[in-house]
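Inspection log for the structure reproduced underneath, given as structure tokens.
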Amino acid sequence: MKAVWEALYTKFNADTNFKTAVGGQFYPGFADQERATCPYAIYLQVTDLSDWTFSEDIETITMQISVCDDQNSPTRIKTIEGYLYALFDDAILSVSGYEFVRMHRRMTQGPYRDDAYGTWQFNVDYEIEIRK
1402 MKAVWEALYT KFNADTNFKT AVGGQFYPGF ADQERATCPY AIYLQVTDLS DWTFSEDIET
1462 ITMQISVCDD QNSPTRIKTI EGYLYALFDD AILSVSGYEF VRMHRRMTQG PYRDDAYGTW
1522 QFNVDYEIEI RK
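In this note's numbering, the protein residues as written are 1402 to 1533.
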């Protein structure tokens, strides 16, 4: 859902710690390997579940934010993880055309080492609820 993607990007741009830690690199969907330099973050939609009650339409969207870093140690990526949590955990988003209900962290995977690419990575899933 475009409005949620835009709301996440707006929230990212309003912050300094996380934005600075990933060098301003917060890519929708994937990171262009010719442009992106570590560390960087990617955000993408995992699911979008629609529900309807007799009085409102509700959307529950799972967005995943992934961070990649090329340091030998996980120290920097763990610092970035803390900045990401500070910015997005239970954040309030302005979602155009919708009433925002909540944003809640559902799970974190990692950090883990991807030896094929020589990088550390972690993924965080957030559940976002909005309604019409």
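For glycine and all other residues, C-beta sits at the position ideal for the given N, C-alpha and C.
Comparing alpha-carbon positions, the option among Asn1414, Trp1453, Asp1449 lying closest to isoleucine 1462 turns out to be Asp1449. According to DSSP, isoleucine 1462 shares a beta bridge with Asp1449, Ile1529. The region 1468-1520 is shown to contain whole beta strand (DSSP E) runs of 3 or more residues at 1500-1515, in chain order. Burial is judged here by how many other beta carbons sit within 10 angstroms of a residue's own beta carbon; aspartate 1515 has fewer than 16 and is exposed. Burial of valine 1468 is indicated by the presence of at least 16 other C-beta atoms within 10 angstroms of its C-beta.
In the structure shown, alanine 1432 adopts coil according to DSSP, grouped into three states.
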